[in-house]
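Right, one structure below, let's go through it.
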Amino acid sequence: MVPFQPDRYYRSLIEHAHDIIAVMSEEGVFHYCSPSVTMHLGYQPAELAGRSGLEFTHPDDRDLLRQRFMEVACQVVVSTLTDASTPGQALRGTYRLLRRDGTWGYFECTAKNLLHVEAVRGIVVVFNNITDRVVVEKELVKKEKYFRTLIENTFEVVLVRDADGRITYVSPSVENILGYRPEELLGEWGFSIFLEEDVYAVIELGRSLFTKPGESAPHEIRLRRKDGRVIHTESVVRNLLDDEAVRGMVINFRDITAQKESESRLRLSERYYRSLIENSNDLISICDQNVNFFYASPSVERTLGYSPEEYLRLNGHGLTHPDYAEATQQTFLRVLEQPGVPITTEFLYRRKNGTWVFLESIFYNLLDDEAVRGVVMVSRDAEERKRTEELLKNYNEQLEREVNRQTHELQRKNEKLHQLLHDLRSTQSQLLESEKMASLGQLTAGIAHEINNPINFISSNISPLRRDIESLKKVVRAYESVEGPASGPDRNGYVQRVKQEVEYEYVMDEIDWLLNGMREGADRTAEIVKGLRSFSRVDESQLRLTDVNEGIESTLTLLQNKLKEGISVHKHYGALPLLEGHPSQLNQVFMNVLVNAIQAIRPGTGRIDVTTAYEGNHVTIAVRDSGRGMPEAVRRRAFEPFFTTKPVGEGTGLGLSISYGIVEKHAGSIGIRSEPGQGSELLITLPVVQPDR
């Protein structure tokens with residue numbers, strides 16, 4: 004028997020150990036490393052000798068390893084990994100070490116300070132390779148996180164009850180569905196979420212599953228939210244009390260309130276449309292592609308005399324009149340070829356009593372519609388319509404004859420109306436000219452007087468002027484006589500005597516005065532003639548650029564004689580652009596308005612204000628008088644043709660009416676503001692540019 008050799012025995016144990024056993028200096032340098040390092044890290048033991056352990060440690064773990072190694076060397080434990088605090092005790096930690104292939108392995112390291120043991124003189128470290136365990140643990144953590152994330156983010160609620168019925172887990176989605184936060188339900192029985200009438204059914208369901216591990220049961224139940232609102236839920240209860248990972252009854256439920264409400268609406272809709280169909284006067288039937296009926300509305304009995312049950316045993320082709328059989332078959336083929344397209348047809352159909360009824364039908368191919376799977380035929384008795392159509396046809400023929408007669412009569416009347424319109428326009432033009440002539444007639448005496456004054460002035464000045472000229476001739480002849488051969492020393496005295504005789508200085512002054520007076524009279528006459536020409540101008544059909552201020556001024560010139568003594572005219576002319584218009588027509592308006600203002604002022608003093616302004620591409624003319632004004636009834640009718648408040652013979656009642664028409668023709672507006680005793684103001688607005696018409 005070989006004697007026991009402790010050295011060889013322990014060396015053999017170390018060299019065949021599965022874990023890595025290393026002896027390191029207090030600075031962390033390898034003195035020795037067991038052969039198992041090759042299996043775990045890929046290095047040969049000799050490769051590690053003299054190298055620092057930090058060299059093979061993951062950068063994120065080096066500070067911790069350095070701290071632990073110092074603690075081991077000093078036997079001071081500050082880590083939470085161990086409770087050891089006496090010298091010589093082992094310290095543990097987990098670190099990542101670099102393999103030869105460049106990957107990292109996880110190792111649980113146990114270090115013990117044997118620096119004081121003479122046979123060792125180092126720190127003994129045992130490296131336990133836990134890489135596979137860490138990978139598995141990480142995968143488990145990852146899967147746990149994955150499934151927890153799924154559960155916590157699912158729309159369904161996951162709830163777990165223990166064997167006593169208390170809630171041990173509830174997913175966050177419970178807050179969306181029931182309004183409770185998870186922590187409000189944990190540890191509770193949770194009966195508050197059930198309706199009282201449903202509690203017994205819930206308890207019975209739990210009892211039935213309690214003794215059946217692994218089994219599940221689906222059911223629908225109403226739950227009460229935290230806010231009191233009741234919702235419908237669909238749930239599955241599964242007994243996982245024997246599953247070590249769960250140890251509870253797992254309940255998955257989701258809110259199906261919207262689905263329930265939708266189903267309810269669908270049921271109501273189905274009842275609604277079924278009621279419509281079953282109470283419709285039309286015959287609604289459904290057949291297959293061979294025209295075999297599998298549905299008929301109750302109206303089939305009223306229309307054809309068959310009960311719905313009898314009708315379902317019949318074929319549509321067999322009920323069709325022979326005269327319509329081929330056409331109806333062709334129509335049905337078109338229906339089969341065009342799914343969803345409504346196709347209308349008419350045919351004779353046999354009643355139960357053997358008589359024939361004329362049906363108007365609409366076919367819908369809904370063979371591909373899962374809800375129908377057939378051809379829908381909506382038919383109605385068209386006998387009454389046929390009779391009505393015949394009556395309508397006869398009536399239309401009569402109506403057409405009457406329309407032709409009335410059309411001929413309307414054409415005749417239209418021609419007559421055209422002639423009347425032509426005559427009316429002619430009359431309107433004549434009225435306009437008549438009013439203008441009437442205005443001129445009223446002005447004739449005044450104009451004659453106005454022209455007569457300067458003419459008389461010129462005529463009366465002719466005789467004195469002739470006399471003065473004769474006197475001057477004497478003086479001239481006196482000068483001529485003193486320049487001749489007969490002139491003597493007294494010639495200057497002779498000329499002076501002649502000047503004194505004819506009052507030479509007075510004659511010279513009088514000639515200037517007479518000539519100035521004649522010029523003034525001629526100018527006044529020319530002004531009157533100019534105003535008269537402007538007023539009486541015959542307008543061309545085309546628009547002309549018109550000076551409104553000049554037109555008003557010309558009109559006032561013609562009215563000088565009509566302005567009563569004591570009436571003052573105050574003119575406030577604004578800077579106006581030339582506007583498009585018919586000058587003589589606008590002058591007619593100014594004449595009518597100013598004459599009305601003059602006539603409105605009672606004998607005595609009075610005032611007329613004429614104001615023009617330009618604003619917003621429009622010219623405004625305001626004529627205000629201090630006359631007697633007018634009541635509302637008169638003001639409303641002021642623009643009516645032939646309306647006048649003047650005595651018979653003093654007015655036609657057309658002045659303002661014609662003015663209204665002229666202003667309207669110029670795309671303008673005219674209006675009156677007046678109160679009894681407060682005078683009147685007539686306001687005219689005209690666009691500078693006429694709109695296209």
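Quick note on the working numbering: the sequence shown kicks off at 4 and runs consecutively. Glycine included, each C-beta is placed from N, C-alpha and C at the ideal position. Nothing here was measured: the structure is a model prediction, and the numbers come from that model.
Query	Result
Residue range of the unbroken beta strand (DSSP E) whose run includes Ala-299	296-299
8 angstroms CB neighbourhood of Pro-694 in its chain, flanking five on each side removed	Ala-670
For Asp-258, three-class secondary structure by DSSP	strand
Per DSSP, cross-strand counterpart(s) of Ser-302	According to DSSP, Ser-302 bridges with nothing at all.
Three-state secondary structure assigned by DSSP to Thr-83	Residue placement at Thr-83 cannot be trusted, given a pLDDT of 35 that sits under 50; the coordinates are not used to answer.
Nearest-angstrom Cα separation, counted from Val-177 out to Ser-195	14 angstroms
One or two residues paired with Ile-757 in a DSSP bridge	In the structure displayed, the chain extends from 4 to 696; residue 757 sits before or after that span and is not available.
Element boundaries [alpha helix (DSSP H), containing Met-73]	65-77
Per DSSP, the bridge partner or partners of Ile-170	Arg-164
Close beta carbons around Tyr-367, own chain, < 6 angstroms, minus the five adjacent residues each side	Pro-345 and Val-379
With 16 other Cβ atoms within 10 Å as the buried cut-off, status of Glu-678	exposed
Reduced DSSP category for Val-253 - H, G, I as helix; E, B as strand; rest coil	strand
Limits of the beta strand (DSSP E) - the one that Asp-612 falls within	609-618
Unbroken alpha helix (DSSP H) run spanning Pro-580, endpoints	Pro-580 -> no alpha helix (DSSP H), and no H or E assigned at all.
CA-to-CA distance, Ala-25 to Val-129, given in whole angstroms	6 angstroms
The stretch 39-50 contacting the stretch 16-24, beta-carbon criterion three pairs below 8 angstroms	yes
For Ser-2, three-class secondary structure by DSSP	Lying before the first or after the last residue shown, residue 2 is absent from the chain, which here runs from 4 to 696.
As assigned by DSSP and simplified to three states, the class of Ala-49	helix
His-222 - DSSP class collapsed to helix/strand/coil	strand
Environment of Gln-588 [buried if 16+ CB atoms lie within 10 Å]	buried
For Ala-25, the first and last residue of its enclosing beta strand (DSSP E)	23-27
Endpoints, beta strand (DSSP E) assigned at Phe-361	359-369
Sequence-distant residues of its chain with Cβ nearer than 6 angstroms to Leu-51 (five each side left out)	Phe-33 and Cys-36
Extent of the continuous beta strand (DSSP E) to which Ala-600 belongs	Note, Ala-600: premise wrong, no beta strand (DSSP E); alpha helix (DSSP H) at 586-603.
According to DSSP, residues forming a beta bridge with Trp-107	Leu-101
Under the three-state DSSP convention, the category Tyr-35 falls into	strand
Neighbourhood of Asp-754 by C-beta, 6 angstroms cutoff - its chain only, sequence neighbours within 5 removed	Residue 754 falls outside the range modelled here, since the chain spans only 4 to 696, and no answer is possible.
Same chain, Cβ closer than 7 angstroms to Ser-283, five either side skipped, listed in chain order	Ser-300 and Ser-302
DSSP-derived helix/strand/coil call for Ala-489	Bear in mind that a pLDDT of 45 at Ala-489, under 50, signals an unreliable position, so the number given afterwards is only what the model happens to contain. Note: Ala-489 maps to coil in three-state DSSP.
Beta-carbon proximity check, Arg-136 vs Gly-45, cutoff 9 angstroms	no
Straight-line gap, Leu-2 to Val-233 (C-alpha atoms, nearest Å)	Beyond the ends of the chain as shown, which are 4 and 696, falls residue 2; an answer cannot be given.
Leu-582 versus Gln-591 - alpha carbon distance	16 angstroms
Simplified DSSP state of Val-375, which is helix, strand or coil	coil
Supposed contact pair Asp-201 and Ile-224 - C-beta distance, whole angstroms, cut 8 angstroms	6 angstroms
Alpha carbon of Val-666 to alpha carbon of Val-510, nearest angstrom	57 angstroms
Beta-carbon proximity of Ser-28 to Ile-126, cut-off 9 angstroms	yes
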